[in-house]
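Chemist: Structure below; questions to follow.
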Amino acid sequence: MRILVIPHQMSMGGSQINAIELAAKVRDMGHHVVLYAPHGVLDPLVDEVGVPRIVKRTDADLSPGSVRRLVDIVRRERIDLIHAYEWGPSLEATFGPHLRFGVPVLMTVLSMVVDDFLPRHLPMTLSTREMVDQRRAVHERVLLTEPPIDTDLNTAGDRAAARAVFGFEDDEIVVTTVCRLTSDLEKLEGTLVALDVLGRLAHDRRVTMVIVGDGTGLDEVRRRADIVNADHGRTVIHVTGQLLDPRPAYDAADVMIGMGSSALKGLAFGKPLVVQGEGGYWKLLTPDTVDEFLYAGWFGRGGRGAADFEPEIVRVLDDRALRTELGVYGLELARRRYSLTVLASALESMYEDVLSSAPGREPRALARSAREVAKFLAYRVVHPSPVASSADGRTA
Numbered sequence: 001m002r003i004l005v006i007p008h009q010m011s012m013g014g015s016q017i018n019a020i021e022l023a024a025k026v027r028d029m030g031h032h033v034v035l036y037a038p039h040g041v042l043d044p045l046v047d048e049v050g051v052p053r054i055v056k057r058t059d060a061d062l063s064p065g066s067v068r069r070l071v072d073i074v075r076r077e078r079i080d081l082i083h084a085y086e087w088g089p090s091l092e093a094t095f096g097p098h099l100r101f102g103v104p105v106l107m108t109v110l111s112m113v114v115d116d117f118l119p120r121h122l123p124m125t126l127s128t129r130e131m132v133d134q135r136r137a138v139h140e141r142v143l144l145t146e147p148p149i150d151t152d153l154n155t156a157g158d159r160a161a162a163r164a165v166f167g168f169e170d171d172e173i174v175v176t177t178v179c180r181l182t183s184d185l186e187k188l189e190g191t192l193v194a195l196d197v198l199g200r201l202a203h204d205r206r207v208t209m210v211i212v213g214d215g216t217g218l219d220e221v222r223r224r225a226d227i228v229n230a231d232h233g234r235t236v237i238h239v240t241g242q243l244l245d246p247r248p249a250y251d252a253a254d255v256m257i258g259m260g261s262s263a264l265k266g267l268a269f270g271k272p273l274v275v276q277g278e279g280g281y282w283k284l285l286t287p288d289t290v291d292e293f294l295y296a297g298w299f300g301r302g303g304r305g306a307a308d309f310e311p312e313i314v315r316v317l318d319d320r321a322l323r324t325e326l327g328v329y330g331l332e333l334a335r336r337r338y339s340l341t342v343l344a345s346a347l348e349s350m351y352e353d354v355l356s357s358a359p360g361r362e363p364r365a366l367a368r369s370a371r372e373v374a375k376f377l378a379y380r381v382v383h384p385s386p387v388a389s390s391a392d393g394r395t396a
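Heads up: the sequence shown at position 288 corresponds to 288 in my numbering, and the numbers run straight through without jumps.
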């Protein structure tokens, strides 16, 4: 197969990392795979995996010029199938090569909300069973593609060396989070809750926190960390900013907190995990709680904030044996269910199925989508600030 993979942007984030890593794995299975993406902070990952890339001029919203360029690329590269991630690439592929040539398109939405303007006659993959069940009421063909983790690349290594990078002592219990520090899905708000709680707990425990990530909330996180650290007279909260390779931070951790792909990477390193969500949601992954995450994803909604986080984190801080037990449990789960190799093989089968049963160019479905897109773009002109929608690439 000749496959064109289009991530929606190249900033640090789970959707685009998944797109790149899966593209490389499918390429390794013997297919011709090309990335179509702008330059960005993930360029080193593209170079590392070695998938050929055609540089996209911009990652801006849908435009006639971007559609024409995509049509030209598909024709020149003799593409059999387009795998488009999130709303922008999905629409460009639909109203460009699919409408012009009938090229099959597989849409993937890893956002927590599926925009209604996406065409309903084209196959779509979503990241949770709950979202698949909900979307099937209005969409013709919805498939499950869970977030893949490269369990060979993301695996425990020399823990002592990783801890030495940050200057941690042997008796310190390290709690790590790797996330974008923005209000998207309340990642920033949850990080600040954890920072405050761990700052209090550090008065009678040898606990420290590592916060890895960038975003609009980085300055506020640093300000709050400075207050906690000044109160203790030592560095309790370590704020690293963005790390292109955060693996040492995962490896150095005793406990991970987070959501989405970052949470799964923590499992791949064999760490116990407290899952973060929005609206004050916190829950420890255990054999008793795993079914919730397997159905709804590594995320949650609604809770009591610090009142929920504190007992969950104390439970693992104060019990070394439980940390070991839950770390082993999470590692086995990551390898069995979320391995990049396993999920790339499943994706290859999806590609073959899409090619063998590709839908035609359905005028009514395309017309409906075009009307909804026009409404959305008109809204963006009047309200240029981000709307609360996956249209802005909101992913866990």
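We put the CB at the ideal spot given by N, CA and C, even for glycine.
Are there 16 or more other CB atoms within 10 angstroms of the CB of G30, so buried, or fewer, so exposed?
Modeler: Here residue 30 corresponds to residue number 30 of the sequence shown, with the count starting at 1. With fewer than 16 other Cβ atoms within 10 Å, it is exposed.
Chemist: In whole angstroms, give me the CA-to-CA distance for G297 and L110.
Modeler: One-based indexing of the sequence shown puts residue 297 at position 297. One-based indexing of the sequence shown puts residue 110 at position 110. C-alpha separation (whole angstroms): 11 Å.
Chemist: Measuring straight from C-alpha to C-alpha, what distance separates G270 and A161?
Modeler: Along the sequence shown, one-based indexing puts residue 270 at 270. Along the sequence shown, one-based indexing puts residue 161 at 161. Using only the alpha carbons, I get a separation of about 17 Å.
Chemist: What is the DSSP secondary structure of R57, reduced to helix, strand or coil?
Modeler: Locating residue 57 in the sequence shown gives position 57, where the first residue counts as 1. Coil, per DSSP.
Chemist: Tell me the DSSP bridge mates of K283?
Modeler: Here residue 283 corresponds to residue number 283 of the sequence shown, with the count starting at 1. According to DSSP, K283 bridges with V275.
Chemist: Which two residues bound the contiguous alpha helix (DSSP H) that contains L144?
Modeler: Translated into positions along the sequence shown, residue 144 becomes position 144. It is not in any alpha helix (DSSP H) - L144 instead sits in the beta strand (DSSP E) that spans 142 to 144.
Chemist: Does DSSP put Y36 in a helix, in a strand, or in coil?
Modeler: Your numbering for residue 36 matches position 36 in the sequence shown. Per DSSP, reduced to three states, the secondary structure at Y36 is strand.
Chemist: What did DSSP end up calling Y338 once you bin it into helix, strand or coil?
Modeler: Taking the first residue of the sequence shown as position 1, residue 338 is located at position 338. Reduced to three states, the DSSP call for Y338 is coil.
Chemist: Pick helix, strand or coil for I3, following the three-state DSSP scheme.
Modeler: Counting from one through the sequence shown, the residue named residue 3 turns up at place 3. In the structure shown, I3 sits in a strand (DSSP, three-state: E or B).
Chemist: How far does the alpha helix (DSSP H) with H31 in it reach, from first residue to last?
Modeler: The residue given as residue 31 occupies position 31 in the sequence shown. Counting along the chain, no alpha helix (DSSP H) covers H31, and no H or E run does either.
Chemist: Cα-Cα, which of H83, D133, Q9 is closest to Y398?
Modeler: Beyond the ends of the chain as shown, which are 1 and 396, falls residue 398; an answer cannot be given.
Chemist: Check for me: the alpha helix (DSSP H) holding H232 runs from which residue to which?
Modeler: Stepping through the sequence shown from its first residue, residue 232 is reached at position 232. Element bounds for H232: 218 to 232.
Chemist: Applying the 10 Å Cβ sphere with the 16-neighbour rule, what's the burial state of V174?
Modeler: Translated into the one-based positions of the sequence shown, residue 174 becomes position 174. Buried, since its Cβ has 16 or more Cβ neighbours within 10 Å.
Chemist: Taking the alpha-carbon of H32 as reference, which of L22, V41, R336 has the nearest alpha-carbon?
Modeler: To locate residue 32, count along the sequence shown from 1; it is residue 32. Out of L22, V41, R336, L22 has the C-alpha closest to the C-alpha of H32.
Chemist: When you compare each of M107, G50, R100 to H139 by their alpha carbons, which one comes out closest?
Modeler: For the purposes of this step, residue 139 is identified with residue 139 of the sequence shown, where counting begins at 1. The shortest C-alpha separation from H139 is found at M107.
Chemist: Using a Cβ-Cβ cutoff of less than 8 Å, which residues in the same chain neighbour D214 once the five nearest sequence positions on both sides are dropped?
Modeler: Translated into positions along the sequence shown, residue 214 becomes position 214. Closer than 8 Å at the Cβ level, and outside the excluded window around D214, lie M12, R180, L181, G241, Q242.
Chemist: For T58 and L42, what's the separation of their Cα atoms in angstroms?
Modeler: By one-based count along the sequence shown, residue 58 stands at place 58. By one-based count along the sequence shown, residue 42 stands at place 42. Approximately 15 Å between the Cα atoms of the pair.
Chemist: May I have the straight-line CA-CA distance separating L331 from R129, to the nearest angstrom?
Modeler: Indexing the sequence shown from 1 puts residue 331 at position 331. Indexing the sequence shown from 1 puts residue 129 at position 129. Each residue's Cα considered, the two are about 21 Å apart.
Chemist: Look at V46 and I20 and say whether their C-beta atoms are less than 8 Å apart.
Modeler: Residue mapping note: residue 46 aligns to position 46 of the sequence shown, counting from 1. Residue mapping note: residue 20 aligns to position 20 of the sequence shown, counting from 1. Result yes, Cβ atoms of V46 and I20 sit closer than 8 Å.
Chemist: Quick check on S345: buried or exposed, where buried means 16 or more other Cβ atoms within 10 Å of its Cβ?
Modeler: Taking the sequence shown and counting its residues from 1, one reaches residue 345 at position 345. Counting Cβ neighbours within 10 Å, S345 comes out exposed, since fewer than 16 surround it.
Chemist: Relative to the C-alpha of I149, which residue among V210, T216, M10, I17 is closest?
Modeler: Against the sequence shown, residue 149 aligns to sequence position 149. Cα-wise, what sits closest to I149 is I17.
Chemist: Could you pull out every residue in the same chain whose Cβ sits closer than 8 Å to the Cβ of L322, ignoring the five residues on either side in sequence?
Modeler: Residue 322 sits at position 322 when you count from the first residue of the sequence shown. The residues are P272, R315, V316.
Chemist: Please classify A24: does DSSP put it in a helix, a strand, or coil?
Modeler: Taking the first residue of the sequence shown as 1, we reach residue 24 at position 24. A24 falls in the helix class under three-state DSSP.
Chemist: What did DSSP end up calling I79 once you bin it into helix, strand or coil?
Modeler: If you number the sequence shown from 1, residue 79 lands on position 79. Note: I79 maps to coil in three-state DSSP.
Chemist: So, is G393 buried or exposed, given that buried needs 16 or more other C-beta atoms within 10 angstroms?
Modeler: Residue mapping note: residue 393 aligns to position 393 of the sequence shown, counting from 1. Per-residue confidence for G393 stands at a pLDDT of 38, beneath the threshold of 50, marking its modelled position as unreliable; no derived number is given.
Chemist: Have a look at A156 and T208 and give me their C-alpha separation to the nearest angstrom.
Modeler: Within the sequence shown, the letter at position 156 stands for residue 156. Within the sequence shown, the letter at position 208 stands for residue 208. Their backbone Cα atoms lie some 20 Å apart in a straight line.
Chemist: Find the nearest neighbour of V51 within the set L62, A37, S63, P64, judged by alpha-carbon distance.
Modeler: Translated into positions along the sequence shown, residue 51 becomes position 51. Ranking L62, A37, S63, P64 by Cα distance to V51 puts A37 first.
Chemist: Assign D115 to buried or exposed, taking buried as 16 or more other Cβ atoms, counted over all protein chains shown, within 10 Å of its Cβ.
Modeler: If you number the sequence shown from 1, residue 115 lands on position 115. D115 is buried by the Cβ-count criterion.
Chemist: For L42, which of helix, strand or coil comes out of DSSP?
Modeler: The sequence position of residue 42 within the sequence shown is 42, counting from 1. Assignment of L42 by DSSP, reduced to helix, strand and coil, places it in the coil class.
Chemist: Reducing DSSP to helix, strand and coil, say where G65 ends up.
Modeler: Looking up residue 65 in the sequence shown gives position 65. Annotated three-state conformation of G65 is helix, per DSSP.
Chemist: Whole-angstrom Cβ separation of T151 and L343, contact assumed at under 8 Å?
Modeler: Residue mapping note: residue 151 aligns to position 151 of the sequence shown, counting from 1. Residue mapping note: residue 343 aligns to position 343 of the sequence shown, counting from 1. Not really, about 11 Å apart at Cβ, beyond 8 Å.
Chemist: What does A84 pair with, by DSSP beta-bridge criteria?
Modeler: Reading the sequence shown from its first residue, position 84 is the one you call residue 84. Paired residue(s): I6, M107.
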